[in-house]
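Asks: One structure, pasted below without further comment.
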Amino acid sequence: MKAVLKNYWALLIPLVVLIIALIFFLRKPAAADNTVIGMVDADYVDVAAEFPGRLDSLLVQQGDTVKKGQLLGVLRSTEINAIRNQALAAIEAAQSQLQLLEKGARPEAIKAADNLYNITQEQYKLMQKTYQRMENLFSDEVISGQEKDLVYFKLQAAKKEMETAKLNMDMLKQGTRPEMLQAASAILKQAQEGYNLTKALSDNTYLHAPSDGIISSMVIEEGEIVSIGYPLMTLQKPNTYHVRFNIRQDDMNRLPVGAKVRLDVPGCTPGKFEAVVYKAAPSLTFANWIPVKEKGKFELRTFTVDLKPVNPSDVQGLRPGMTASLQMP
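Here you go:
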C-alpha cells in the first residue's frame, strides 16, 4: 500500500508543478506590442472653374498624367463672345468720336449747322404767326381749346429745335473744348476696360492643370453645368508620397521630427526602407486608444505624424492607400 501511495505522489507532484507553471505564464501580462500601422498618402490639388457655364469639351480622363499648364477642358463661351464683340464696337465708336473732336469741325459741318439754324428760325416764326391766328379763332369760338393747345405745343417744339440748332452751330464755331476731349478720352478708356474684362472672362473658360500630376478623380462629365469654385477633378502631385501614422500622446517623444525609422510597406520595392519624420501635427486629434484590461489607465489621444522615404527614388511601387507598419523605437 505504501508503495502505491509513493508512486501516486511521484506522478501527482510533477502534474501540480506543471499546472502552477501554466497558471503563472497565463497570468503574466503579454509583452507590449510596439507595432504601429499607418497609411500611404500623397499631396493633392483640386481643379475648379473660375467661370460658370457648360463643359463643352473634356480633354483628359482619370488616370492621365498631365503637365502644368496643360489644357484639361473648355467651357462654352458663346455669351462671352457676344459681349466681347459688343465691347469692341464700343471701342471703335469711342475712338471715332475722339478723333472727330481732336480734328475739329470741318467748314462743311459749320455751314450745314448754320443752314439748319436758319431753317429752324423760319419754322419758329411761322408757328408764332399760326398760333396767333389760332388764338383769334379760339376767341371767336371757331375752334376748340384742344386744337389751340395742339398748335401751342408745336410752337414750343419749334422753339426748342431752334435753340438746339443754335447751340450746335455755336459749339462747332467755337471748336472743341478741353473738357470735351477729356470726356471722350475717358469714354474710350472705359470701353477698353470693358473689352479687357471680357477677354479675361474668355480666358477663364479654359481649364489648365495647376501643376504636374496624375488625375486621381473626376466628378464631372462633358456637357454638365459647371459652378464657380466647384472642384471638377483632383490631381495627385508627383513624388509627394508620405506615410501617415496616428501616434499616442505618451509615445510622441519617441518620434520627434527628424527621427529615422524603418518602415514595412508590403507591395512596393523594396518592401522595407528607411523613412524620416518630417512633419508632426501641432495639436491632438481624436482619442483612438482606449484601455480595456489595464487598470488605472485612461483614454489617450493621438498626434498625426508624417514620414517620407529618405531616398524616394529608390522606392518603387508606392501608392496612396497602401498600409505600412513600423516598430516604435
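Under full-length UniProt numbering, the first residue of the sequence shown is numbered 1, with each subsequent residue one higher.
Even for Gly, the Cβ is constructed at its ideal location relative to N, Cα and C.
Here the structure is a predicted model, which means the values were calculated and not measured.
#1: Using the rule of at least 16 other Cβ atoms within 10 Å of the residue's Cβ for burial, across every protein chain shown, is residue 270 buried or exposed?
#2: Residue 57 bridges to which residues according to DSSP?
#3: Which residues bound the alpha helix (DSSP H) around residue 136?
#4: Alpha carbon to alpha carbon, how far is residue 267 from residue 292? Give it in angstroms, no decimals.
#5: Assign residue 315 to one of three DSSP states: helix, strand, or coil.
#6: Between residue 211 and residue 35, is the Cβ-Cβ spacing less than 8 Å?
#7: In whole angstroms, what separates the C-alpha of residue 157 from that of residue 173?
#8: Which first and last residues belong to the beta strand (DSSP E) in which residue 246 is found?
#9: For residue 48, I'd like the list of residues in its chain whose CB is within less than 7 Å of its CB, leaving aside the five on either flank, ordered along the chain.
#10: Counting only the same chain and skipping the five closest in sequence on each side, list residues whose C-beta sits under 8 Å from that of residue 317.
#11: In the DSSP output, what is residue 303 paired with across the bridge?
#12: For residue 220, which three-state DSSP category applies?
#13: Kindly indicate which three-state DSSP category residue 64 falls into: helix, strand or coil?
#14: In three-state terms, what does DSSP make of residue 212?
#15: Return the first residue and the last residue of the alpha helix (DSSP H) that residue 193 is part of.
#16: Does the stretch 178 to 195 come into contact with the stretch 71 to 88, if we say contact requires no fewer than three beta-carbon pairs (one atom in each stretch) closer than 8 Å?
Replies: Considering the structure as presented:
#1: Label assigned to residue 270: exposed.
#2: In the DSSP output, where bridge partners are listed per residue, residue 57 has 74.
#3: First-last of the alpha helix (DSSP H) with residue 136: 107 to 139.
#4: Caution applies to residue 292, whose pLDDT of 44 falls short of 50 and renders its modelled position unreliable; the value that the coordinates give is listed next. Across the structure, residue 292 and residue 267 are spaced so that their CA atoms are roughly 34 Å apart.
#5: It is coil, neither helix nor strand.
#6: Their beta carbons are not under 8 Å apart, which means residue 211 does not touch residue 35 by this criterion.
#7: Computed Cα separation, rounded: 25 Å.
#8: In this chain, the beta strand (DSSP E) harbouring residue 246 covers 242 to 248.
#9: Closer than 7 Å at the Cβ level, and outside the excluded window around residue 48, lie 229, 230, 231, 232.
#10: Apart from sequence neighbours up to five positions away, the residues of its chain that approach residue 317 with a beta-carbon distance below 8 Å are 267, 268, 269, ordered along the chain.
#11: According to DSSP, which records beta bridges pairwise, residue 303 is partnered with 247.
#12: Note: residue 220 maps to coil in three-state DSSP.
#13: The answer is coil: DSSP assigns residue 64 none of H, G, I, E or B.
#14: Correct three-state label for residue 212: coil.
#15: DSSP places residue 193 inside the alpha helix (DSSP H), whose first and last residues are 178 to 203.
#16: Contact between the stretch 178 to 195 and the stretch 71 to 88 is present: 3 or more CB-CB pairs across the two stretches fall below 8 Å.
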